[in-house]
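Residue numbers (our numbering): 915 to 1211.
What follows is a short report on a single structure.
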């Protein structure tokens, strides 16, 4: 068995199929570009960033025992991620994410995480059977969690005694899944990492800035909220107050995975002892480097 991991990443581990073009695109566009297949999913993207910073992350997810799953697990190990805790299903296929990006940003995306959703609480077995934790000996480390899990399972996690002592960090995965994070508002647990649109969905409102959105999330029950707004000011809010920083200006060459890189870099900075302003600045710099192409996938 692998040594105890530095951090757990719970959620989607799948293949990213990304089509990118240097052209501006709209609905119905047919343009030249490049299509790549890379290991992805929010949990894995976050884990890969942890590995780049020298941490040993472990993945808790569902991956099929098909050829795509075997290739994916092998790729995860090569990227420095522990895969021995992954639930490997005989009857569920490996999940996929497909996106199209143009010079004007993300055009469209479809996340097929049905196997992860159907696996349900089986992915949490190591936190309940004593392997990593249990109700009598809760896991006390950091946990990065994504909203590709069902809302019912996320509600279980928010109240799970096996995670009662954990430092929970949660991202919704996409605006379409933002409402799945509501259990953490109700439980007043964890740090939420959301963009401006996702914050609006959680608050059933619209906002002009990240500080406004972050402050409202705290009012709604969030223990802490970190809100980003693309190239505009980002904000870290808690009951102790707001911290706001503006990201560096860069040429954007890709967007898929930027939020995951931001989240991981922020957690790494805080683990290293950075204050709130320093950690936010460090995370924005890492995300800027990623979207500009300075960090390889």
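Glycine is no exception: its CB is placed at the ideal position from the N, C-alpha and C atoms.
Bridge partner(s) assigned by DSSP for residue i
| i | result |
| --- | --- |
| residue 1151 | 1139, 1156 |
| residue 1015 | 934, 1020 |
| residue 919 | Residue 919 is not bridged to any residue. |
| residue 954 | 928 |
| residue 971 | 921 |
| residue 1109 | 1142 |
Which of helix, strand or coil DSSP assigns to residue i
| i | result |
| --- | --- |
| residue 1202 | helix |
| residue 948 | strand |
| residue 1207 | coil |
| residue 1082 | strand |
| residue 1189 | coil |
| residue 978 | strand |
| residue 1164 | coil |
| residue 1092 | helix |
| residue 939 | coil |
| residue 960 | helix |
| residue 1195 | helix |
| residue 1122 | coil |
| residue 1104 | coil |
| residue 1182 | helix |
| residue 1170 | coil |
| residue 965 | helix |
| residue 1073 | helix |
| residue 1127 | helix |
Burial state of residue i (16 or more Cβ within 10 Å)
| i | result |
| --- | --- |
| residue 988 | exposed |
| residue 922 | buried |
| residue 1142 | buried |
| residue 1084 | buried |
| residue 915 | Residue confidence for residue 915 is low, a pLDDT of 43 falling below 50, so the modelled location carries little weight and cannot support an answer. |
| residue 1049 | exposed |
| residue 1074 | buried |
| residue 1181 | buried |
| residue 1251 | Lying before the first or after the last residue shown, residue 1251 is absent from the chain, which here runs from 915 to 1211. |
| residue 1103 | buried |
| residue 1086 | buried |
| residue 1131 | buried |
| residue 1097 | buried |
7 Å CB neighbourhood of residue i in its chain, flanking five on each side removed
| i | result |
| --- | --- |
| residue 1188 | 1196 |
| residue 1115 | 1089, 1092, 1093 |
| residue 997 | 973, 987, 990, 991 |
| residue 1145 | 1161, 1163 |
| residue 1004 | 979 |
C-beta neighbour in chain B for residue i, strict 8 Å
| i | result |
| --- | --- |
| residue 1086 | In the structure shown, chain B cannot be found, because there is only a single protein chain. |
Proximal residues to residue i (C-beta, below 6 Å), its chain only, five neighbours per side dropped
| i | result |
| --- | --- |
| residue 1014 | 933, 1021, 1022 |
| residue 1147 | 1124, 1158, 1160 |
| residue 1078 | 1052 |
| residue 1136 | 1099, 1106 |
| residue 1174 | 956, 959, 960 |
| residue 1150 | 1140, 1157, 1190, 1194 |
| residue 1127 | 1110, 1113, 1121, 1141 |
| residue 1152 | 1138 |
heavy atom of the ligand ZN below 7 Å from residue i C-beta
| i | result |
| --- | --- |
| residue 969 | Only the bare structure without any ligand can be found here, which leaves the ligand ZN out of the picture. |
Proximal residues to residue i (C-beta, below 8 Å), its chain only, five neighbours per side dropped
| i | result |
| --- | --- |
| residue 952 | 929, 930, 932, 1211 |
| residue 1117 | 1127, 1130, 1131, 1134 |
Extract the residue ranges of the beta strand (DSSP E) inside the stretch 987-1071, only unbroken runs of 3 or more that lie entirely within it.
Entirely contained in the stretch 987-1071, the beta strand (DSSP E) runs reaching 3 residues are, in chain order, 1001-1003, 1010-1016, 1019-1026, 1056-1060.
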